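All the letters of the sequence shown, read from the start, carry residue numbers 13 to 684 under our numbering.
Just so it is clear, CB atoms sit at the ideal spot from N, CA and C, and this is done for glycine as well.
In this text the structure is predicted, and so the values were computed from the model without any measurement.
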Amino acid sequence: MPFLAASGILATVFSAALSGSQSSVPLAAIGLQSPLLRAQQTLRQARLHGQPSAIAAAHLALAYAQQRLHNYDQALRHFRAARRLYQSRHRYLRSTEVLRQIGYVQHTQGDTGQARLSYQGALAGFTRLHSSAGTALVYQNMGRLYGQQQKWPQALRSYERALVAWQQLGRRSETAGALAAIGLVHKQQQQYSRALYYLRRALGQGQQGPDSMRVGEALGGIAEVYQALGNQELTDQFYTQALQNLPRATSPETQARMLQAQALAKEALGQRGAAELLLRRALPLADSSKLLLSGLYQHLAALYRRAGNYPQALAALTRYAGLQDTAFAEERRAQVAELQTRYETERKERAIQLLTKDQLIQQANLRRQLLLRNGLAAGALVLLGLAVVLYRSRRQQARANLLLERKNAAISRQKEELSRLNTTKDTLFSIISHDLRSPLSSLYSLLSLLNMGNLPPARLAAHSERLSRTLDSTLRLLDNLLNWSAAQMQGRGVRPEPIRLDALVEEGLTLLLGDAERKKILLLNQMPSPALARADLNMTRLVIRNLLSNAIKFTPENGTVTVSAARVGTWWEVSVADTGIGIAAADYEKVFGAGGLHSTPGTAREKGTGLGLLLCKDFVERNGGRISFESQPGAGTTFRFTLLTARTKPARPENQLTSAAAESVSDSRFAP
13 MPFLAASGIL ATVFSAALSG SQSSVPLAAI GLQSPLLRAQ QTLRQARLHG QPSAIAAAHL
73 ALAYAQQRLH NYDQALRHFR AARRLYQSRH RYLRSTEVLR QIGYVQHTQG DTGQARLSYQ
133 GALAGFTRLH SSAGTALVYQ NMGRLYGQQQ KWPQALRSYE RALVAWQQLG RRSETAGALA
193 AIGLVHKQQQ QYSRALYYLR RALGQGQQGP DSMRVGEALG GIAEVYQALG NQELTDQFYT
253 QALQNLPRAT SPETQARMLQ AQALAKEALG QRGAAELLLR RALPLADSSK LLLSGLYQHL
313 AALYRRAGNY PQALAALTRY AGLQDTAFAE ERRAQVAELQ TRYETERKER AIQLLTKDQL
373 IQQANLRRQL LLRNGLAAGA LVLLGLAVVL YRSRRQQARA NLLLERKNAA ISRQKEELSR
433 LNTTKDTLFS IISHDLRSPL SSLYSLLSLL NMGNLPPARL AAHSERLSRT LDSTLRLLDN
493 LLNWSAAQMQ GRGVRPEPIR LDALVEEGLT LLLGDAERKK ILLLNQMPSP ALARADLNMT
553 RLVIRNLLSN AIKFTPENGT VTVSAARVGT WWEVSVADTG IGIAAADYEK VFGAGGLHST
613 PGTAREKGTG LGLLLCKDFV ERNGGRISFE SQPGAGTTFR FTLLTARTKP ARPENQLTSA
673 AAESVSDSRF AP
């Protein structure tokens, strides 16, 4: 019926409007004169310069040019080429927009199944990219797709989602378009009051713009609703206003359909002359659509026949008959394309169903295989559990044996430690009983002689000097014993502090000056001043004193003992060198008490206990240093030990470092 032809007017308007807003790349950049040739030239230049972005833009321009010429296959080819380039450049927003445009071209071709898939892909992409405008455009495209398939609920939901997005973005023109589309969907469902409500809202939005395209769309939609209601006067009025507000860029086919619909209203009002004028105005505008042109001539023939103008009716009917074959062929092509599309869609759906069935069968097979596998796994687990139990029992037995071995080893170590401690105890008692008995006996004899009162002064002086030397040696022995016993019991910790090595050496040389003078030994102090180190003060003092005492002990008369130090990185290396008898190679391991305490008499038959060097090694290592020696029998021995240098200034002034060291800081005059 003629009424049905008029109902597609606004849908055509929406199609043109949507296609005009498909891309953000303006075709004016290529030129409106022969856009296809200009786009081809642009593509050649872009390829010549090898610029991917320019090549993608040129493909996009070619796609739009081919789309305007209805060369949809070529348009799709260029759209896909542009999309591949955009994806390779990680321009995902542009590639998603091109995918939406691909769906629009597929929809125009009648391939609704592929168009829906493309729209869904574009919708997912825009959602992922948080592009509200892109999402709204896809919803509008999907609303148009569902509307052509007469799936009105789905179309309504799509348009409503587009409306919400446009309103949030504050886009008046697009909001008006979505409102008009919702109104037309309600009109198709014969919900005329709702249709008028949304169309009037669309009209208000368009007038606020102002946007003549949206105003014309809304007025045309209102006219369609009133025409469906049979109110021809209002239909005529709104069509007149719609035609006046449509912009010049409106497609001729859209204007022709609107003129035909208004002609129907004029004819219903009895204004046949006005209807004839409207139809004749529509004829040149419908030249691109043979089907629409054939319908206009059919309408004119019927109008002339009812008016009794049979010659004009015959002429119009003749033109109608001439166009009928072409229109019929055009209509048939559209029907064949639609049938082919439906067939392809149904074939794909059947393939999907078969694939789904295959997947269900595979899932059932997988479940059976899973049950079988689980059964085998359960059996294997039982066997594995038995193996684990046996393995763990053997491991526990082995662990018990290992624990027993460790306990036996610990008992052996404790036995060795106890034996060592007993040896130490015996050595300590032996030293105390032997080395302390002699000086005490000498002291007792001297006191007895003094009590007798008949001791000559010369003999008294000789005995006193000998007793003084013996007591001095005994005091050093007691000092070493005290430190050795503390080290053996591990009851003393190291207390490092900034010290002056040169002052401690000076102190030690001063204390041992008498022993050196008795043997006519020259003491040389070559220590740099100041020599600041960080170590335990008392331990360092004992190390220096024992090394000096040891050097004097094994140096013959007229020998020399030299003390020096040198910086080696962050360490001080202190050397005590003598020109004594040296150490035999066979005694190297005995020097630091590796096989027990070892002592040999000095060059003047001085006695010792073997504790001195053992304490030196222990105390140096406790302070983080190392001790070593070099010796050549008959040429002398050099002992070296290292201590860390002080990284900060000494906590006390130079003259307050230690009371003993401060008192001993004086000129070094150690001549025999």
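- In this structure the stretch 108-125 lies against the stretch 153-169, because at least three pairs of beta carbons, one per stretch, are closer than 8 Å.
- The C-beta of T552 has 16 or more other C-beta atoms within 10 Å across all chains shown, which makes the residue buried.
- The closest CA to that of N550, considering only L516, Q220 and D299, is found on L516.
- Shown here, S300 sits in coil according to DSSP, grouped into three states, outside any helix or strand.
- When Q244, N257 and P259 are compared, the shortest CA-CA separation from Q274 is found for Q244.
- With a minimum length of 3 residues, there is no unbroken run of beta strand (DSSP E) contained wholly in the stretch 198-272.
- Following the DSSP letters along the chain, one finds Q63 in no beta strand (DSSP E), marked with neither H nor E.
- Here the alpha carbons of F604 and L544 stand approximately 27 Å from one another.
- Boundaries of the alpha helix (DSSP H) harbouring A167: W164 to L181, taken from the DSSP string.
- Here R512 carries a strand assignment [DSSP, helix/strand/coil].
- Taking each of G592, A389, S561 and V632 in turn and checking the Cα distance to E569, the smallest one comes out for G592.
- Of the candidates A287, P222, G233 and M154, the residue whose Cα lies closest to the Cα of L191 is G233.
- V150 carries a helical assignment under DSSP once its states are collapsed to helix, strand and coil.
- By the neighbour-count criterion, in which a residue is buried when 16 or more other Cβ atoms sit within 10 angstroms of its Cβ, T582 is exposed.
- In the DSSP secondary-structure assignment, T574 is bridged to L536 and A589.
- Counting only the Cα atoms, T654 lies some 14 Å from P508.
- In this structure, A87 keeps its C-beta atom at 8 Å or more from the C-beta atom of Q99.
- Under the three-state reduction of DSSP output, A363 falls in the helix class.
- Annotation: R106 to R95 spans about 8 Å, alpha carbon to alpha carbon.
- Bounds of the alpha helix (DSSP H) holding F91 are Y84 to S100.
- Around the C-beta of I423, fewer than 16 other C-beta atoms lie within 10 Å, and the residue is accordingly described as exposed.
- Counted as a single uninterrupted DSSP element, the alpha helix (DSSP H) harbouring G133 occupies residues T124 to R140.
- Taking a contact as a CB-CB distance under 8 Å, the pair A319 and L308 does not count as one, their CB atoms being some 16 Å apart.
- The C-beta distance from V110 to L72 rounds to 7 Å, short enough to meet the 8 Å contact threshold.
- Under the three-state reduction of DSSP, R507 is assigned to coil, being neither helix nor strand.
- The beta-carbon separation of G137 and T108, rounded to 4 Å, stays under the 8 Å limit for a contact.
- It is roughly 15 Å from the alpha-carbon of Y251 to the alpha-carbon of L241.
- Taking R184 as reference, the option from A167, V227, H198 and A207 with the minimal CA-CA separation is V227.
- The three-state secondary structure of R557, taken from DSSP, is helix.
- If you draw a straight line from the Cα of G637 to the Cα of L536, it is about 24 Å long.
- Between L315 and R284, the C-beta spacing is below 8 Å.
- Remark: C-beta atoms of A254 and A214 do not approach each other more closely than 8 Å.
- At the C-beta level, Q272 and L258 stay beyond 8 Å of one another.
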